[in-house]
Every structure is written in C-alpha cells, then in structure tokens.
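Trainee: Shown below is the structure under consideration.
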Amino acid sequence: MQLPEERNRALKQKRLAEQKQKIVSGTEQIAQGKVTNGESSVPKLPEKNRSISESKE
24 MQLPEERNRA
34 LKQKRLAEQK
44 QKIVSGTEQI
54 AQGKVTNGES
64 SVPKLPEKNR
74 SISESKE
C-alpha cells in the first residue's frame, strides 16, 4: 500500500510523462505538416473540454 505522498508523486509523474508524449506527438505532426487552422478549432474547445471533464468524473 502506498502512502498518499508516494501515490501523488506517482500520479504526477504519470501525468508528466503523458504530457511529454503529447508534446512529442504534436511536434511530429507539425513537422509532417499536419496542422489545424486555429480559427476553426478554437470555437470547438469549450465543448471538447466539457466532454473531457465529464469523462473523468
């Protein structure tokens, strides 16, 4: 059984690793020219964020 501090540290490390992987993936997509127009994407963000928040509950 992990102590709360150890568990929190492990979760933070996992999230950091996930974020780093997303950055690597995004950088590769940019290098390949797979980019999205911000003007068409930004208006969709509030709904996407809401969906993500609801899926975590």
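Using this note's numbering, read the sequence shown as starting at 24 and increasing by one per residue.
Just so it is clear, CB atoms sit at the ideal spot from N, CA and C, and this is done for glycine as well.
(1) Classify Glu-51 as helix, strand or coil using the three-state DSSP reduction.
(2) So, for Ala-33: in the same chain, excluding its five sequence neighbours on each side, which residues have a beta-carbon less than 8 Å away from its beta-carbon?
(3) Under DSSP, the alpha helix (DSSP H) around Leu-26 begins and ends at which residues?
(4) So, helix, strand or coil for Lys-57, using DSSP?
Mentor: Walking through what the data contain:
(1) Correct three-state label for Glu-51: helix.
(2) Gln-25
(3) Where Leu-26 is concerned, there is no enclosing alpha helix (DSSP H), given that its DSSP letter is neither H nor E.
(4) coil
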